[in-house]
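Each residue of the sequence shown is one higher than the last, beginning at 13 in the working numbering. We put the beta carbon where it would ideally sit given N, CA and C, even for glycine. To start, the structure itself, in structure tokens.
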Amino acid sequence: MRTAARGSPHRALQGARVRRAAPGAAAARRTTLLSGRRRGRARARLERRGDRPRRPEWPPGRRGRARAFRARRSARRVRTRGRASLRPRRAGLVWPARRPTPRHGRQGGRAPRAGLRCGAPARRIRHDLRHEGGRPVSTQTRARDARAIAHHYDVSNDFYSLFLDPLMVYTCAYYRDPAGGLEQAQADKLDLVCRKLRLAPDETLLDIGCGWGGLAIWAVQHYGVRAFGVTLSRAQADYAAARIASLGLAGRCRVEYCDLRDIPAGTRYDKIAAVGVIEHVGIPNYPAFFHRIHAMLHPGGLYLNHGITHNFYWRPTSQTEFLLRYVFPNGDLAGLTETLTEMERARFEILDVECLRLHYARTCRQWVERLRAHADEARRLVGERVYRTWLLYLTSSAVAFEASSIGLYQVLLQKHGDRAGGDAPRTREGLYGQPAG
């Protein structure tokens, strides 16, 4: 019998019995952990190679019953045996719910209130396997990235138009007037991004993850730049291309279905924006992502990163597993500190960091209101299941932002040029003036 050392992060394992396979058995060793907890004797079985069993990846009492195979592709080979009910029929997505909007401040509260029933095991298993030994483990490939983006953004352009603004901007708005409407707030957000980047006529702008082309078109119309947007959603690319042509901007603005990694090496831009992209990159891919952007900037060029982070005390919940399964496959959030560290490691200078968390909470609330107002049309376009999934996702996101479980930060970065500082703004005075047309 062995007991966990005092101060161990897995105190729940104190008093656990560890049974070892006999030395010289098959290469795949199995360690069985039996906890003596009163409620539900949790059991974790970990398949291991080698003669020595290693520490379990989770306390038995906190993960339900699970079996995890720790092989090269372990994140794809998880089987749960417990109450993890994530299938659509069991997730409440097609059943009426008394309160489709969770109460304020009850992020991931009692699942039935939100029309969702997700057990504890799967939400923790996926997080632990994707963060093995404290380090994130990448499960993303180009093909998987493309499928994940298509899963979310290719649902239906008409469906998104029901709750987005006329510019089809699907990221946090910026409310200069707290009581203002969504349309003006999204226009103000686009202008804020352009002001932070200090866009000037005839400069080149790369918009990574450009969506339906809102930022690229705005920058061309109001700042005279030459913009190129890339997206992994064919529906978005087709929509943006048609809109650009209808506005007569084809000579200065273009949007293509393209992976950032497929842009020819040596291509350089004056300014780069990634608005609502970092959530899809995957934490293990941050170094390559930021180094790639750094290499694509002219010396002295500016890069604006607009993305969601989690707070220091964040832990995965049933809401997290729901979003990863049904809404954002491949989604991954890091803390602000971790994100800034990777930016500096890519040799960027951090010029400005601004929190827009409350702006995103209000944005999500207004999206929910607009989607509910068009409920019948939404059901006709995408069906009951997708409608309820998006309604739950937007509502729970609003609650999470309001509770400060997650945040939204705009970070302005610069690639050092011949002169330190270069085109960087010295003050914020130019950022908060009168917006462009």
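Residue 242 has 220 and 268 as its beta-bridge partners, per DSSP.
The count of Cβ pairs closer than 8 Å, one atom from the stretch 307–317 and one from the stretch 275–284, reaches three, so the stretches are in contact.
Note that the C-beta distance between residue 242 and residue 215 is not below 7 Å.
If you draw a straight line from the Cα of residue 441 to the Cα of residue 292, it comes to about 32 Å. In the structure shown, residue 211 adopts coil according to DSSP, grouped into three states. Secondary structure note for residue 407: its alpha helix (DSSP H) is the uninterrupted segment 387–414. In this structure, residue 173 lies away from residue 393, with their beta-carbon atoms at least 7 Å apart. In the same chain as residue 352, and ignoring 5 residues on each side of it, the C-beta atoms closer than 8 Å to its own belong to 362, 365 and 423, in chain order. Counting C-beta pairs with one atom in each stretch, the stretch 218–225 and the stretch 398–408 have fewer than three that are closer than 8 Å, which means they do not touch.
Measuring C-alpha to C-alpha distances from residue 412 to each of 230, 377 and 437 identifies 377 as the nearest. DSSP places residue 318 within a strand segment (E or B) once states are collapsed to three. Rounded to whole angstroms, the gap between the alpha carbons of residue 275 and residue 303 is 14 Å. Rounded to the nearest angstrom, the Cβ distance from residue 427 to residue 309 is 4 Å, consistent with a contact under 8 Å. DSSP places residue 170 in the uninterrupted alpha helix (DSSP H) bounded by 169–173. Within the model, the alpha-carbon separation for residue 373 versus residue 183 is close to 11 Å. When the beta-carbon positions are compared, residue 194 and residue 170 stay at least 7 Å from each other. In the structure shown, the three-state DSSP call for residue 360 is strand. Per the coordinates, the alpha-carbon of residue 191 lies some 38 Å from the alpha-carbon of residue 270. For residue 284, the secondary structure class from DSSP, reduced to helix, strand or coil, is strand.
Residue 187 sits buried, since 16 or more C-beta atoms from the chains shown fall within 10 Å of its C-beta. Within its own chain, the residues whose Cβ lies closer than 7 Å to the Cβ of residue 272, once the five positions on either side in sequence are excluded, are 220, 242 and 304, listed in chain order. Residue 237 holds the alpha-carbon nearest to the alpha-carbon of residue 266 among 210, 388, 237 and 278.
For residue 425, the CB contacts under 8 Å within the same chain, skipping 5 residues up- and downstream, are 314, 315, 316, 317, 355, 360, 361, 362 and 363 in chain order. C-alpha of residue 252 to C-alpha of residue 202: approximately 16 Å in a straight line. Among the bridge pairs identified by DSSP, residue 418 is matched with 322. Judged by their CB atoms, residue 235 and residue 259 are not nearer to each other than the 7 Å cut-off. Per the DSSP secondary-structure output, residue 347 pairs in a beta bridge with 322. Only residues of its own chain outside the window of five on either side were considered, and among them 220 and 221 have a CB closer than 6 Å to the CB of residue 289, listed in chain order. For the pair residue 419 and residue 349, the CB atoms are not nearer than the 7 Å cut-off. Cβ atoms of residue 358 and residue 437 stay farther apart than 8 Å, at about 21 Å.
With a beta-carbon spacing of about 30 Å, residue 294 and residue 256 fall beyond the 8 Å limit used to define contacts. Going by C-alpha positions, residue 345 is about 10 Å away from residue 323.
Residue 428 sits in coil when the DSSP states are folded into three classes, being neither helix nor strand. Using a 10 angstroms sphere on the CB of residue 444, the tally of other CB atoms stays under 16, which defines it as exposed. Taking the Cα of residue 213 as reference, the smallest distance to any Cα among 325, 233, 181 and 416 is reached at 233.
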